[in-house]
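Notes follow the structure.
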Amino acid sequence: MNASATLGKDLTGLEHMTPDQIRLILDTAEPFKEVSERPIKKVPALRGKTIVNLFFEASTRTRVSFEFAEKRLSADTVNVAATGSSVSKGETLVDTARNLEAMRIDMVVIRHPSSGAAEFLGNRIASNVINAGDGKHEHPTQALLDLLTIRDKHGKIEGLKVCLVGDVLHSRVARSNLWGLTKLGAEVAVCGPWTLLPRGIADLGVKVFGRIEEAIEWADVLNVLRLQLERMEKGFIPSVREYYRVFGVTPERLERSPRPITIMHPGPMNRGVEIDSRVADGPHSVILDQVTNGVAVRMAVLYLLAGGRAELADAAKRGAE
Amino acid sequence: MPPLNLAAPLPPFAAVVALSFEMPRPPKAEERTTLLDARAMSRALQRMAVEILELAHGTDDLVLIGIQRRGVELAERIAKLIEKDEGTAVPRGALDITLYRDDLETVGPKPVIGETHIPGDLTDKHAVIVDDVLYTGRTVRAALDELADFGRPKRISLCVLVDRGGRELPIQADIVGKSVKTGPDERVDVQVEELDGRDQVDVIR
Amino acid sequence: MTRPILLQGGHVIDPSRDLDGAADVLIQDGKIASVGRGLTAPDGALVRNVKGKVVTPGLVDLHVHLREPGNEDEETVASGARAAAAGGFTAICAMPNTDPVTDNQAAVGFIVRQSDRAGLARVHPIGAVSIGQKGERLAEFGEMVSAGAVAVSDDGKPVVSSHLMRTALEYARTFNVPVADHCEEPTLAAGGVMHEGLVSTRLGLKGIPAAAEEIIVARDVLLAELAGGHVHLCHMSARGSVAIIREAKERGIRVTAEVTPHHLTLTDYACEEYDTHAKMNPPLREAADVAALRGALKDGVIDCIASDHAPHAYDEKEAAFDDAPFGVVGLETAFAVAHTELVESGLFTLPELIRRMSTEPARVFHLGGGTLALGAVADVAVFDASAKWAVDPTAFHSKSRNTPFAGRALTGRAVLTIVAGEIVHDLDHSGTR
């Protein structure tokens, strides 16, 4: 375990992180899992810190997960549901940043419909900024909890074959997973209709499968992405029904796989669209573990980012004895 | 060696060292004095085991909680010694106090967090905290805070292998393996077979 | 099971196997059992003497309009299949601009069933690109392909939205079918009824410029490149389109193209006297376009001939040029026109023509047929390459008569057509089977 790999001020994405930094977060998340099992699910580590959950996009799951993480670390949390109108998005963010600074907020968890919003905010305020999803760009804590879940299930990430299935084009979860998995040495593939696979993905060293059957034959792990119904309206697929018929992860298709495949899903699931209920509730599904790990990973991120000055590290270590 | 000229200015090397925490310390002759060798440590642990039994009036509601990291190994040894004598299993746990430290604000990068595992409910139990070295008392204070989140033991006692003095909080050990007076520029280095390959306690100046 | 058939004494041309010589063909159990000289007929076989005739794999037409469902008075699957057989076609592909549009698996399945019931030339359905061919929402390609669709197209109309064309090309990749586009830029072509040129000026009719086709051809090849999909360009008419396709193929883009017999034969002069039988979309253009199309077909820039058979009731075509519907029938004259204009004139050899009317179309849409390889399905045509006849629309098997070639003297005619080892057209014995 390498405690000297620092994370910097913000967590905006996995693309520019080092493998050591990612491993630090995963390793730190392990002991935090135990905190959620205690009768009193609280440790004083972030006592007195103020954290704002700044969500410009509706989200219950991610926001609640962050809130639990913050409260279990004894931080004071405030939820702000803001609207980002398309015309004044830039302005609103800048104003927001200045207001938060003026209130001396310690940390901001931000979700925003524009790609790059987290970094934008992070460059303008001294508080720690954590990206809870920016546009189609990244959702780093989701990928981190996915990595932790894979590591728990398989004991390792290096050399594993992980396939992201579905609307990869519009998915920030897919992008973050791609960076995290490749940095930790996994083999990554994507599978979906060609209308939902991004250009140039093969140049990133990612395999591309046009049929779910091919992906199932290859993979150790399937991370099934949610299909948003608006994709049908925008003409990327003709219907949700056909999507299930052609790309749905069903028990019948999984039966033909040469090995048991771990099934993941970032949630919320469209049962009967991208994933069959029997698969989601089946023996190889780790979907609920992902949720549990989500709180632990977010606690680890908050803990690692909060406060601290490097120069006093050694001195403090000695004093603790 | 040429005679030391105290009137001459300090060589530049020494000046650079004073300004930077990043530079490694200049090699200085370390003075190691062995406080306990393997045999002495074994004897001390045996005595501590007996004292714990006396303090807890037997093993009925005894729980040993070792503080990460070496406290855990010591607790394990003591538990085995007690089990050998009494013939009953003694529940033991591990406590990592990193998240309860009072200096988390100033420490960074964050220290590594170890495993915490408390065997069952502590209510109505006699919990004995086991640690390798007692110094300022801040670690024990953090351990007490953390244990409070796990239940309400009927009694908590403290058992340490080495008490080196230098308390900053009003905390005392109920059972001590060895007492020694040390100054702030000294270090007490405890090594255990399980982690370091040998049993030894040294004072380093 | 069907009787074995021995076609004896004919000249076999099978470009798929580079066969071009005298040979007999033995058909058994619906498959090609043997091709060679001096074959003996098994017991109970039907022996047909085809001395002096040419035996080829059945012709394949990738672009046909059958008006079922919706306008069964003009044509049905059965009447279209009969007309196809009469023309030497053993397989035709039916465009989905029916009423209602063939845009779902039930509609596709209907066409397949009607084809099976007719038991004549095979009719392969083409599914629509968009629901109702409205150009808004993708149809369920997967379902349609599982039901039997061999391609998708909104023909009748162009796919106007480039975003829809792109997603159609990408989505079709999953099912390995081509997207066939009718290349017409709607705002340029609006109101046009014939080629925009000297003739339209003299006749005072609004023209459709060649650019209307060329623009969409260019767009479609670029989108095929972007999407990595297969685009099939319908009924090419302009020399500019040929140049674009040539360059695209050189770049390795997955584009195929077809041309009609009438675009290889007629120019806009056919519209003089306001003959609505020369009105179709895309329109007949200039001699230079015809020459370019012929050259492109010869060197493979255009892959195949397709008739764009478009039946219309006779009274509909009896109207002022502006008001008459676009389209001409072609199944029963396609081979003869192409043979007369291209082979008899010395531009093409007969094997080259057969390649463009059988081997290549089967390859472009990944259909069976187009070959006389041993074990292949027995879809065979027998032509009398020297038969001289005049086109008489009243004798058509098709329900419609709208042809620009009425009365024209042609050389070459299908005398026998066999599908899956069964005779579906027999000129010598009037009527079939």
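Residue numbers (my numbering), protein chains in the order written: chain Z, 801 to 1121; chain G, 13 to 217; chain Y, 30 to 462.
Yeah, the Cβ is synthetic: ideal placement off N, Cα and C, and Gly gets one too.
Quick caveat, the model's predicted, so the values are computed rather than measured.
Residues His291, Leu295, Ala299, His306, Ala307, Val357 of the same chain have their beta carbon placed closer than 7 angstroms to that of Pro433(Y), with the five preceding and five following residues left out of the count. Spanning the alpha carbons of Lys961(Z) and Lys849(Z) requires a straight line of approximately 40 angstroms. Within the segment 237-322 of chain Y, the complete alpha helix (DSSP H) segments of 4 residues or longer fall at 239-256, 268-279, listed in chain order. Contact between Pro187(Y) and Ile245(Y) holds: their C-beta atoms lie close to 6 angstroms from each other, under 8 angstroms.
For the options Arg153(G), Arg179(G), Ala160(G), Asp115(G), the alpha carbon positioned closest to that of Ala1106(Z) is the one of Asp115(G).
Any Cβ of chain Y closer than 8 angstroms to the Cβ of Glu1042(Z) would place that residue at the interface, and such an atom is present. For the segment 162-195 of chain Y, residues whose beta-carbon sits nearer than 9 angstroms to a beta-carbon of chain Z comprise Glu165, Arg166, Leu167, Ala168, Glu169, Phe170, Gly171, Glu172, Ser175, Ser190, His192, Leu193, Arg195. The shortest C-alpha to C-alpha distance from Arg1026(Z) to any of Glu870(Z), Thr818(Z), Val835(Z), Tyr1044(Z) is the one to Tyr1044(Z). Counting other Cβ atoms within 10 Å of its Cβ, Met817(Z) reaches 16 or more and is therefore classed as buried. Here DSSP, grouped into helix, strand and coil, assigns Met907(Z) to strand.
In the three-state DSSP reduction, Ala881(Z) falls in the strand class (E or B).
For Gly83(G), same chain residues with a beta-carbon under 6 angstroms away, outside a window of 5 residues either side, are Val142, Asp143, Asp144 in chain order.
Those residues of the segment 166-186 of chain G placed with their C-beta closer than 8 angstroms to a C-beta in chain Z do not exist. By the Cβ test, the segment 260-274 of chain Y is in contact with the segment 327-340 of chain Y, since at least three Cβ pairs between them sit closer than 8 angstroms.
Cα atoms of Lys833(Z) and Val909(Z): separation of roughly 21 angstroms, rounded to the nearest angstrom. Linking Ala845(Z) to Asp157(G) through their CA atoms gives a straight-line distance of about 12 angstroms. For Ser159(Y), DSSP records a beta bridge to Leu167(Y). If you check each beta-carbon in the segment 238-261 of chain Y against every beta-carbon of chain Z, the ones closer than 9 angstroms belong to Leu255, Ala256, Gly257, Gly258. Contact check for Thr119(Y) and Asp455(Y): beta-carbon distance about 14 angstroms, past the 8 angstroms limit, so the pair fails to qualify. Taking a C-beta cut-off of 8 angstroms against chain G, the contacting residues of the segment 834-845 of chain Z are Glu834, Val835, Arg838, Pro839, Ile840, Lys842, Val843, Pro844, Ala845, listed in chain order. The C-beta of Gly1010(Z) comes closer than 8 angstroms to at least one C-beta of chain Y.
Chain order gives no chain Z residues near Thr194(G), where near means a beta carbon separation below 7 angstroms; the closest approach is about 11 angstroms. The beta-carbon of Asp108(G) is placed less than 8 angstroms from the nearest beta-carbon of chain Z.
In the displayed model, Asn977(Z) falls within a helix according to three-state DSSP.
Neighbours of Asp157(G) across chain Z, judged by C-beta separation under 8 angstroms: Pro844.
Closest in C-alpha terms to Asp249(Y), from the list Lys163(Y), Thr69(Y), Val284(Y), Ala349(Y), comes Val284(Y). Taking a beta-carbon distance threshold of 8 angstroms, Lys137(G) does not count as an interface residue toward chain Z. Here Met1099(Z) carries a helix assignment [DSSP, helix/strand/coil].
When C-beta distances to chain Z are compared with 7 angstroms, the residues of the segment 195-224 of chain Y below that value are Thr196, Glu199, Tyr200, Arg202, Thr203, in chain order. Between Pro154(Y) and Ala178(Y) a beta carbon distance of about 5 angstroms is seen, short of the 8 angstroms cut, so the two are scored as contacting.
Residue nearest to Leu854(Z) within the set Leu921(Z), Pro819(Z), Leu826(Z), Gly1067(Z) is Leu921(Z) (criterion: CA-CA distance).
Close partners of Arg1053(Z) in chain Y (Cβ separation under 9 angstroms) are lacking, with about 14 angstroms as the shortest Cβ gap. In this structure, the beta-carbon distance from Ala829(Z) to Val1097(Z) falls below 8 angstroms.
No residue range can be given for Lys428(Y), since it is assigned to no alpha helix (DSSP H) and is classified by DSSP as neither H nor E. Interface flag for Trp1018(Z) against chain Y is unset, since no Cβ pair is found closer than 8 angstroms.
Comparing alpha carbon positions, the residue from Gln80(G), Leu76(G), Arg81(G) closest to Ile94(G) is Leu76(G).
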